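Residue numbers (the numbering used here), protein chains in the order written: chain A, 401 to 706; chain B, 2 to 313.
Built from N, CA and C at the ideal position, the CB exists for glycine as well.
This structure is a prediction, so every number in the text was calculated from the model and none was measured.
Take a look at the structure set out below.
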Ligand SMILES: Nc1ncnc2c1ncn2[C@@H]1O[C@H](COP(=O)(O)OP(=O)(O)O)[C@@H](O)[C@H]1O
Ligand SMILES: [Mg+2]
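Structure, rendered in structure tokens:
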């Protein structure tokens, strides 16, 4: 197990370093930040001064080494736009985003998995059709549209919730509901399909023939098998918990990391973009590691290989 | 011997489509007896087993006939039935250990738990020829070969102390030496426990070796039942005869090459009028093209569904 974790850690580090390098180089080749920040009518002198100020006049390898040196000490530079510490921007916006996305994710799991299980067990019944119709709807309407519909119903029509902003917990309700609905829709569909596939396996038929009661077949025989692909799927969904809320944040003017990222990319705010991509990468790597450990725990075939 | 199981005109349909997977299956089995069920692939052998074992696939239902137990009077109890299958590895739950599988069965059928269940599970594993039983309890099905998993399934069946063991092609997926070992094990266990056995195979050699009586199936119907020697030496139904002639002989003195059956099994949604075997049958004439022949006795305990049976 120690070897397992060690090898994963080495791999995680390699992923992180190569992402950092790649993003660094690509960002510096994709347009001139001096021009984007100062506008196309800035004088060449002003642009040159901007480049010197941010060290953009040095060679790329040199810039990268300097960046690494600082990054290791936790200094990710300042925003080109307003001179704020990138570290501060990120640590302020991440909790905002996670408040919405993690709450929504938990709600989506609590709704989606039971709904999918019930739909699979009562396959082709009225309740199955209801769950699936809701899921298809929730999945196929674009998230921003759902957000706008919610705003219309709860903020404009019923006037019970604020439509935008991020100052109080009441502002979080609609973004959470929007993101939760979307995720619950995909989770319930996946859970249903996975469980149905498991229920058609010969070992389930054998268990039925053996007289094991239906509830025990579901709980002890089918669900532990369905959990294996389900965990993988939830892991993939979880990797979008930091970046995937961009649309929701935009609709509800929620100042999370997604909204900040969109702004920084638009303005060519390299230090902010660079650091955010690193944060996204760390997040994805951590989720994947968790999934792999859970997966090994749930699946005896993987476990016995280690 | 008392009657254990009577299957009468059993019909299993695919609802909504007029397809009868089993179309009037009748046979009976006495306590301690072994019935061999033979027939080409797709003729409904597994479905017959599933119907008796209460495990028809989703969407399929018993649409007619009856399966009765004991003397057949109301109040006769359902005997304990255990089953083993063609593909043992996929019939075992991949997330559970062999120990879990056996010990939960021992609790269900014999109320054994804890250490008692463990010891009995080990004893059963040893009985079916798995050594190192203690360490095997923690193993998963994917760590075992098909033959080992079939032994595990047999141990699991024994945990139920069954009056009837249904074995659906228990050796088809195994290599030859393993086949012989499993058959030998089944023979021994049958003698030891006195359970009845219903063994399905498309290999008449297996049937000849284990069974007391045999039933030949074709397109969801039983076309001949008889004591096993009778069927092997003196088959009456032209299909049974053809089936025996296409078996390779293991007797070196027998120089007759196997003869394949001409034509192919008709599709269930496109069955011929009359006897389903008539397109392939050299003896088909007249009535054969009008109605399916009823199963009728030609000798003591020997029934054939044919208008022109081969004479003894
Ligand atoms: N779930 C199902 N729905 C419809 N037809 C099925 C289903 N399962 C099996 N069948 C059909 O039932 C027939 C009998 O199958 P089976 O009993 O498995 O045959 P055997 O065991 O003799 O090879 C086959 O023709 C098969 O195609
Ligand atoms: Mg079969």
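Task: Among B:219, B:163, B:55 and B:104, the one whose alpha carbon lies nearest that of residue 611 of chain A - done: B:55
- [ ] Compute every distance between the C-beta of residue 48 of chain B and the non-hydrogen atoms of ligand 1, then say whether any falls below 7 angstroms.
- [x] yes
TODO: Determine the chain A residues that contact residue 96 of chain B at a beta-carbon separation under 7 angstroms, and present them in chain order.
DONE: 624, 625 and 700
- [ ] Hey, could you find the ends of the beta strand (DSSP E) residue 29 of chain B is sitting in?
- [x] 20-31
Open item on the list: Less than 7 angstroms separating the Cβ of residue 170 of chain B from some heavy atom of ligand 2?
Closed with: yes
TODO: Out of B:149, B:128, B:224 and B:113, state which residue places its alpha-carbon closest to the alpha-carbon of residue 1 of chain B.
DONE: Only positions 2 to 313 of chain B appear in this structure, which leaves residue 1 of chain B out of reach.
- [ ] Can you tell me which of the three DSSP states residue 235 of chain B falls into?
- [x] coil
Open item on the list: What are the residues in the region 651-678 of chain A lying within 8 angstroms of chain B by C-beta distance?
Closed with: none
TODO: In the DSSP assignment, find the unbroken beta strand (DSSP E) run with residue 4 of chain B in it and report its ends.
DONE: 4-15
Task: Where the beta strand (DSSP E) through residue 82 of chain B begins and ends - done: 82-85
TODO: Would you mind sorting residue 35 of chain B into buried or exposed? The rule is 16 or more other CB atoms within 10 Å of its CB.
DONE: buried
Task: 8 angstroms Cβ cut-off: residues of chain B touching residue 603 of chain A - done: 91, 92, 93, 94 and 95
Open item on the list: Assuming residue 92 of chain B and residue 154 of chain B are in contact, meaning their beta carbons sit under 8 angstroms apart, how far apart are those beta carbons, in whole angstroms?
Closed with: 6 angstroms
Task: Continuous beta strand (DSSP E) stretch holding residue 535 of chain A: start and end - done: First-last for residue 535 of chain A: 526-540, but that is the alpha helix (DSSP H), not the beta strand (DSSP E).
Open item on the list: Taking 7 angstroms as the cut-off, is the C-beta of residue 272 of chain B nearer than that to any heavy atom in ligand 1?
Closed with: no
Task: Within chain A, partners of residue 88 of chain B - CB distance below 7 angstroms - done: 602
Task: Extent of the continuous alpha helix (DSSP H) run through residue 402 of chain A - done: 402-429
Task: Status (buried if at least 16 other CB within 10 Å, exposed otherwise) for residue 62 of chain B - done: exposed
Open item on the list: Do residue 147 of chain B and residue 89 of chain B have their beta-carbon atoms positioned less than 8 angstroms apart in this structure?
Closed with: yes
Open item on the list: At the level of alpha carbons, what is the spacing between residue 698 of chain A and residue 136 of chain B?
Closed with: 21 angstroms
Open item on the list: With a threshold of 7 angstroms (Cβ to nearest heavy atom), would residue 228 of chain B be considered close to ligand 1?
Closed with: no
Task: Endpoints, alpha helix (DSSP H) assigned at residue 699 of chain A - done: No alpha helix (DSSP H) holds residue 699 of chain A; DSSP gives it neither H nor E.
Open item on the list: Using CA atoms only, rank isn't needed, just tell me which of A:533, A:493 and A:622 is closest to residue 517 of chain A.
Closed with: A:622
Open item on the list: So with CB distances below 7 angstroms, who are the chain B contacts of residue 609 of chain A?
Closed with: 54, 55, 56 and 84
- [ ] Grab me the residues of residue 69 of chain B's own chain with a C-beta within less than 6 angstroms of its C-beta, minus the 5 sequence neighbours each way, in chain order.
- [x] 7
Task: Extent of the continuous alpha helix (DSSP H) run through residue 629 of chain A - done: 623-638
Open item on the list: Run through chain A and tell me which residues come within less than 8 angstroms of residue 141 of chain B, C-beta to C-beta.
Closed with: 700, 701 and 704
Task: Assigned secondary structure, residue 649 of chain A (DSSP; H/G/I helix, E/B strand, else coil) - done: helix
Task: Supposed contact pair residue 581 of chain A and residue 546 of chain A - C-beta distance, whole angstroms, cut 8 angstroms - done: 6 angstroms
- [ ] Output yes or no for whether 8 angstroms exceeds the beta carbon distance between residue 169 of chain B and residue 50 of chain B.
- [x] yes
- [ ] Would you please state the rounded distance, in angstroms, between the beta carbons of residue 564 of chain A and residue 653 of chain A? I believe it to be under 8 angstroms.
- [x] 4 angstroms
- [ ] With DSSP as the reference, label residue 478 of chain A as helix, strand or coil.
- [x] strand
- [ ] Using a Cβ-Cβ cut-off of 8 angstroms, state whether residue 606 of chain A counts as contacting chain B.
- [x] yes
Open item on the list: If you measure between the beta carbons of residue 344 of chain B and residue 15 of chain B, is that distance less than 8 angstroms?
Closed with: Summary: the structure shown does not reach residue 344 of chain B, with chain B confined to residues 2 through 313, and so no result is reported for it.
Open item on the list: Does residue 63 of chain B come out as helix, strand or coil in the three-state DSSP assignment?
Closed with: strand
Open item on the list: With three or more beta-carbon pairs closer than 8 angstroms as the criterion, would you say the region 451-467 of chain A touches the region 420-432 of chain A?
Closed with: yes
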